[in-house]
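Numbering (mature numbering (1 follows the signal peptide of the UniProt record, and there is no 0)), first residue to last: -31 to -1, 1 to 196.
For reference, the structure is listed below as C-alpha coordinates.
See below:
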(Lines of atoms letter the chains of each structure in order from A and count residues from 1; the text may use other names and numbers.)
(Lines give C-alpha, C1' and ligand atoms only; values in the text may rest on other atoms or scores of the structure.)
Protein backbone atom coordinates (compact mmCIF):
# COMPACT_ATOMS: atom_id res chain seq x y z
CA UNK A 1 0.00 0.00 0.00
CA UNK A 2 1.36 3.43 -0.91
CA UNK A 3 2.14 5.82 1.91
CA UNK A 4 -0.45 8.58 2.17
CA UNK A 5 0.89 12.10 2.83
CA UNK A 6 -1.69 14.71 3.40
CA UNK A 7 0.04 18.04 3.92
CA UNK A 8 23.87 -1.40 -18.56
CA UNK A 9 22.64 -0.17 -15.04
CA UNK A 10 26.16 0.84 -13.89
CA UNK A 11 26.54 3.27 -16.76
CA UNK A 12 23.22 4.86 -15.95
CA UNK A 13 24.13 5.26 -12.29
CA UNK A 14 27.58 6.55 -13.11
CA UNK A 15 25.89 9.17 -15.27
CA UNK A 16 23.65 9.94 -12.31
CA UNK A 17 26.75 11.03 -10.38
CA UNK A 18 27.23 13.87 -12.88
CA UNK A 19 29.77 14.77 -15.56
CA UNK A 20 31.05 18.34 -15.70
CA UNK A 21 29.23 21.47 -14.58
CA UNK A 22 26.66 23.70 -16.17
CA UNK A 23 27.90 26.90 -17.72
CA UNK A 24 25.15 28.99 -16.17
CA UNK A 25 24.55 29.54 -12.49
CA UNK A 26 21.03 28.19 -11.83
CA UNK A 27 20.54 30.37 -8.77
CA UNK A 28 20.61 33.51 -10.90
CA UNK A 29 17.72 32.31 -13.06
CA UNK A 30 15.44 31.95 -10.07
CA UNK A 31 16.52 35.04 -8.14
CA UNK A 32 13.38 36.97 -9.04
CA UNK A 33 11.17 34.14 -7.78
CA UNK A 34 12.71 33.81 -4.35
CA UNK A 35 10.69 34.47 -1.25
CA UNK A 36 11.22 37.84 0.35
CA UNK A 37 10.22 36.57 3.78
CA UNK A 38 12.93 36.10 6.38
CA UNK A 39 13.91 32.63 7.53
CA UNK A 40 12.59 33.44 11.00
CA UNK A 41 9.09 33.93 9.58
CA UNK A 42 8.97 30.49 8.00
CA UNK A 43 6.41 27.98 9.14
CA UNK A 44 7.91 24.96 10.83
CA UNK A 45 7.78 21.89 8.59
CA UNK A 46 7.74 18.71 10.64
CA UNK A 47 10.02 15.83 9.76
CA UNK A 48 8.20 13.27 7.62
CA UNK A 49 8.70 9.59 8.48
CA UNK A 50 12.22 8.62 7.39
CA UNK A 51 13.57 5.09 7.72
CA UNK A 52 17.19 5.12 8.84
CA UNK A 53 20.00 3.03 7.37
CA UNK A 54 19.64 0.70 10.36
CA UNK A 55 15.93 0.29 9.70
CA UNK A 56 16.33 -0.79 6.08
CA UNK A 57 19.38 -2.96 6.74
CA UNK A 58 22.20 -1.00 5.14
CA UNK A 59 25.71 -2.37 4.93
CA UNK A 60 28.42 -0.60 6.88
CA UNK A 61 30.29 2.01 4.81
CA UNK A 62 33.47 0.82 3.11
CA UNK A 63 35.34 3.89 4.33
CA UNK A 64 34.98 7.07 6.31
CA UNK A 65 31.90 9.27 5.89
CA UNK A 66 32.69 12.98 5.68
CA UNK A 67 30.53 15.49 7.52
CA UNK A 68 30.64 19.12 6.40
CA UNK A 69 30.28 21.53 9.30
CA UNK A 70 28.09 24.04 7.52
CA UNK A 71 24.67 23.94 5.90
CA UNK A 72 23.94 23.10 2.25
CA UNK A 73 22.70 25.88 -0.01
CA UNK A 74 20.61 23.75 -2.36
CA UNK A 75 18.71 20.52 -2.89
CA UNK A 76 19.42 18.43 -5.99
CA UNK A 77 16.78 15.99 -7.24
CA UNK A 78 17.63 12.68 -8.95
CA UNK A 79 16.00 9.47 -10.15
CA UNK A 80 17.57 6.07 -9.62
CA UNK A 81 16.84 4.58 -13.06
CA UNK A 82 15.38 1.48 -11.44
CA UNK A 83 12.26 -0.26 -12.70
CA UNK A 84 8.97 1.57 -12.25
CA UNK A 85 7.67 -0.99 -9.82
CA UNK A 86 4.00 -1.19 -8.86
CA UNK A 87 4.99 -2.65 -5.49
CA UNK A 88 4.45 0.39 -3.28
CA UNK A 89 5.23 -1.32 0.01
CA UNK A 90 7.69 -0.31 2.69
CA UNK A 91 9.50 -3.61 2.13
CA UNK A 92 10.01 -2.64 -1.51
CA UNK A 93 11.41 0.75 -0.44
CA UNK A 94 13.92 -1.02 1.78
CA UNK A 95 14.88 -3.50 -0.94
CA UNK A 96 15.37 -0.64 -3.38
CA UNK A 97 17.61 1.19 -0.90
CA UNK A 98 19.76 -1.92 -0.52
CA UNK A 99 19.92 -2.30 -4.31
CA UNK A 100 21.13 1.28 -4.72
CA UNK A 101 23.74 0.87 -2.00
CA UNK A 102 25.04 -2.35 -3.55
CA UNK A 103 25.26 -0.70 -6.96
CA UNK A 104 27.07 2.36 -5.64
CA UNK A 105 29.50 0.41 -3.46
CA UNK A 106 30.12 -2.66 -5.61
CA UNK A 107 29.55 -1.18 -9.06
CA UNK A 108 30.89 2.35 -8.67
CA UNK A 109 33.39 1.64 -5.91
CA UNK A 110 32.02 4.29 -3.56
CA UNK A 111 32.15 4.09 0.23
CA UNK A 112 28.36 4.12 0.60
CA UNK A 113 25.14 5.17 -1.12
CA UNK A 114 25.78 8.36 -3.07
CA UNK A 115 22.47 10.04 -2.26
CA UNK A 116 21.58 11.53 1.10
CA UNK A 117 17.96 10.39 0.91
CA UNK A 118 15.71 8.29 -1.33
CA UNK A 119 11.97 8.43 -1.96
CA UNK A 120 10.21 5.25 -3.05
CA UNK A 121 7.37 5.05 -5.53
CA UNK A 122 5.12 4.20 -2.61
CA UNK A 123 6.05 7.39 -0.77
CA UNK A 124 8.45 5.89 1.78
CA UNK A 125 11.53 7.97 2.55
CA UNK A 126 14.80 6.27 3.44
CA UNK A 127 18.14 7.59 4.59
CA UNK A 128 20.80 7.09 1.93
CA UNK A 129 24.37 7.75 3.00
CA UNK A 130 24.98 7.01 6.66
CA UNK A 131 24.57 9.93 9.10
CA UNK A 132 22.50 11.97 6.62
CA UNK A 133 19.46 11.72 8.90
CA UNK A 134 21.32 12.67 12.08
CA UNK A 135 22.86 15.74 10.46
CA UNK A 136 19.51 16.78 8.97
CA UNK A 137 17.99 16.64 12.43
CA UNK A 138 20.85 18.73 13.79
CA UNK A 139 20.37 21.36 11.11
CA UNK A 140 23.92 22.73 11.21
CA UNK A 141 25.90 20.24 9.10
CA UNK A 142 25.39 17.67 6.35
CA UNK A 143 27.01 14.58 4.96
CA UNK A 144 29.14 14.82 1.84
CA UNK A 145 27.44 12.63 -0.74
CA UNK A 146 28.40 11.40 -4.22
CA UNK A 147 25.52 12.38 -6.48
CA UNK A 148 26.35 15.51 -8.51
CA UNK A 149 29.83 16.30 -9.78
CA UNK A 150 31.06 19.63 -8.44
CA UNK A 151 28.04 20.16 -6.17
CA UNK A 152 28.31 17.50 -3.49
CA UNK A 153 29.82 19.95 -1.01
CA UNK A 154 27.02 22.50 -1.40
CA UNK A 155 23.88 20.42 -1.99
CA UNK A 156 22.08 17.41 -0.60
CA UNK A 157 20.97 14.76 -3.06
CA UNK A 158 17.47 13.29 -2.98
CA UNK A 159 16.81 10.39 -5.36
CA UNK A 160 13.45 9.08 -6.48
CA UNK A 161 12.93 5.39 -7.15
CA UNK A 162 12.18 4.72 -10.80
CA UNK A 163 13.11 5.76 -14.33
CA UNK A 164 11.55 9.03 -15.45
CA UNK A 165 13.56 9.97 -18.54
CA UNK A 166 11.17 8.28 -20.99
CA UNK A 167 7.74 9.72 -20.25
CA UNK A 168 6.78 8.05 -16.97
CA UNK A 169 5.31 10.22 -14.22
CA UNK A 170 5.76 9.70 -10.47
CA UNK A 171 2.93 8.25 -8.38
CA UNK A 172 1.15 10.80 -6.19
CA UNK A 173 2.52 9.26 -3.00
CA UNK A 174 6.08 9.63 -4.23
CA UNK A 175 5.54 13.22 -5.31
CA UNK A 176 3.90 14.22 -2.04
CA UNK A 177 6.69 12.62 -0.01
CA UNK A 178 9.30 14.44 -2.10
CA UNK A 179 7.61 17.79 -1.46
CA UNK A 180 7.44 17.08 2.27
CA UNK A 181 11.08 15.99 2.46
CA UNK A 182 12.34 18.97 0.47
CA UNK A 183 10.28 21.35 2.60
CA UNK A 184 11.59 19.85 5.83
CA UNK A 185 15.19 19.97 4.58
CA UNK A 186 14.72 23.57 3.47
CA UNK A 187 13.33 24.43 6.89
CA UNK A 188 16.09 22.68 8.80
CA UNK A 189 18.90 24.13 6.72
CA UNK A 190 17.45 27.52 5.80
CA UNK A 191 17.53 26.66 2.09
CA UNK A 192 15.61 28.97 -0.23
CA UNK A 193 12.77 26.93 -1.78
CA UNK A 194 13.82 28.16 -5.21
CA UNK A 195 17.28 26.65 -4.74
CA UNK A 196 15.98 23.22 -5.69
CA UNK A 197 17.48 21.84 -8.90
CA UNK A 198 17.68 18.74 -11.02
CA UNK A 199 20.86 16.80 -11.67
CA UNK A 200 20.85 17.86 -15.33
CA UNK A 201 21.30 21.49 -14.28
CA UNK A 202 24.90 20.61 -13.45
CA UNK A 203 25.93 17.96 -15.94
CA UNK A 204 25.37 16.05 -19.16
CA UNK A 205 22.68 13.65 -17.98
CA UNK A 206 18.97 12.92 -18.43
CA UNK A 207 18.54 12.74 -14.66
CA UNK A 208 16.05 13.35 -13.05
CA UNK A 209 13.86 12.97 -16.13
CA UNK A 210 10.35 14.41 -15.83
CA UNK A 211 11.11 15.63 -12.31
CA UNK A 212 13.12 18.38 -13.98
CA UNK A 213 10.02 19.57 -15.83
CA UNK A 214 8.16 19.49 -12.53
CA UNK A 215 10.70 21.60 -10.62
CA UNK A 216 8.54 24.77 -10.74
CA UNK A 217 5.73 22.81 -9.05
CA UNK A 218 8.16 21.37 -6.52
CA UNK A 219 9.61 24.76 -5.64
CA UNK A 220 6.18 26.30 -5.30
CA UNK A 221 4.95 23.39 -3.20
CA UNK A 222 7.91 23.73 -0.86
CA UNK A 223 7.49 27.49 -0.66
CA UNK A 224 3.82 27.00 0.20
CA UNK A 225 4.65 24.69 3.11
CA UNK A 226 7.27 27.10 4.40
CA UNK A 227 4.74 29.94 4.36
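Glycine included, C-beta positions come from ideal geometry on N, C-alpha and C.
Residue 129 sits away from residue 181, with the two beta carbons spaced by 8 Å or more.
Fully contained in the segment 41 to 102 are the following beta strand (DSSP E) runs of length 3 or more, in chain order: 43 to 48, 86 to 88 and 94 to 96. If you ignore the 5 residues before and after residue 61, its C-beta comes within less than 7 Å of the C-beta of 54, 89 and 91, all in its own chain and listed in chain order. Taking the C-beta atoms as reference points, residue 166 is found no nearer than 8 Å to residue 19. A residue is called buried when at least 16 other Cβ atoms come within 10 angstroms of its Cβ; residue 10 does not meet this threshold and is exposed.
Here residue 32 is not near residue 118, since their CB atoms are 8 Å or more apart. As DSSP reads the structure, residue 128 sits in a beta bridge with 47 and 87. Between the alpha carbons of residue 138 and residue 179 lies a distance of about 7 Å. Per DSSP, reduced to three states, the secondary structure at residue 107 is helical.
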